[in-house]
Amino acid sequence: MIYIIIESIISSFATLGFSLFYDSPKRSYKIVMVSGFVAWFVYKYLTMILDNKFIAALFASIAVGIIGEIASRKVHMPVTVFVIPGIISLVPGADMYYTMYYTIQQNSKLAFSHARNAMLFAASIALGILVASLSSKSIKHNTIEHLQTNSIFKIKNKKTLDKK
């Protein structure tokens, strides 16, 4: 377990480096580091428990998406400032590399295997971000709708507002 925490700390600094390289706003650095830490921790922990890296990547990217959605509302910045650096540690770079390597070596069986893994992994990450984004939109919509219907300042008829 301590190994996972150490890897997660390293991942948070890698995420910070990515944010620095792409000139993210300075006030996003702490949240981006937390996002990178959580992404790698959730991924490694669930991989250890479930023994399925695709499901682990799905839940890790959902966690990053939720952090990004919450942080964007608190700090008033775009969600992508937090989500894109947060998922960098999850990107299946090794599988993409080995896909090209085995393609050049003309070993199509291993090339297709690594390509399939890279595609499934990328799809898991994309689906996780989509789930987090859509659920935050529905929560935001339901909260606003609830506040409007239960508000003491509710406007009963738009025409009465126009007459004034």
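Quick note on numbering: the sequence shown equals residues 36 to 199 in our numbering. Note that CB positions come from ideal geometry on N, CA and C, so glycine has one too.
query: How far does the alpha helix (DSSP H) with D130 in it reach, from first residue to last?
result: 128-139
- prompt: For the segment 60-99, which segments carrying the alpha helix (DSSP H) assignment without a break, of at least 4 residues, lie completely within its bounds, in sequence order?
  reply: 64-85
- request: Please name the residue in I44, K65, N152 whose C-alpha comes closest to that of V110.
  value: K65
query: Run through DSSP, which three-state label would N142 get?
result: coil
query: What's the call for P127, buried or exposed, on a 16-neighbour Cβ count within 10 Å?
result: buried
- prompt: Is the Cβ of I84 closer than 8 Å to any Cβ of chain B?
  reply: In the structure shown, chain B cannot be found, because there is only a single protein chain.
task: Using only alpha-carbon positions, find the residue among A49, I90, I84 that is nearest to S70.
output: A49
task: Can you tell me which of the three DSSP states S186 falls into?
output: Confidence is the limiting factor: at S186 the pLDDT is only 49, short of 50, which leaves the residue's position unreliable and the question unanswerable from this model.
Nearest neighbour of L55, chosen from K144, N142, V67 [CA to CA]: V67
task: For G100, count neighbouring C-beta atoms within 10 Å of its own C-beta (all shown protein chains included) and say buried if the count is 16 or more, exposed if not.
output: buried
- prompt: Leaving out the 5 sequence neighbours to the left and right, which residues in its chain are closer than 6 Å to A98 when beta-carbon positions are compared?
  reply: V73, V77
- prompt: Considering only the beta carbon of each residue, do A92 and I160 sit closer than 8 Å?
  reply: yes
message: Counting C-beta neighbours from all protein chains within 10 Å, is the total for A158 16 or more, i.e. buried, or is it exposed?
response: exposed
message: Taking the beta carbon of F147 as the centre, do at least 16 other beta carbons fall within 10 Å, making it buried, or is it exposed?
response: exposed
message: Quick check on the DSSP output: the alpha helix (DSSP H) that includes Y38 runs from which residue to which?
response: 37-56
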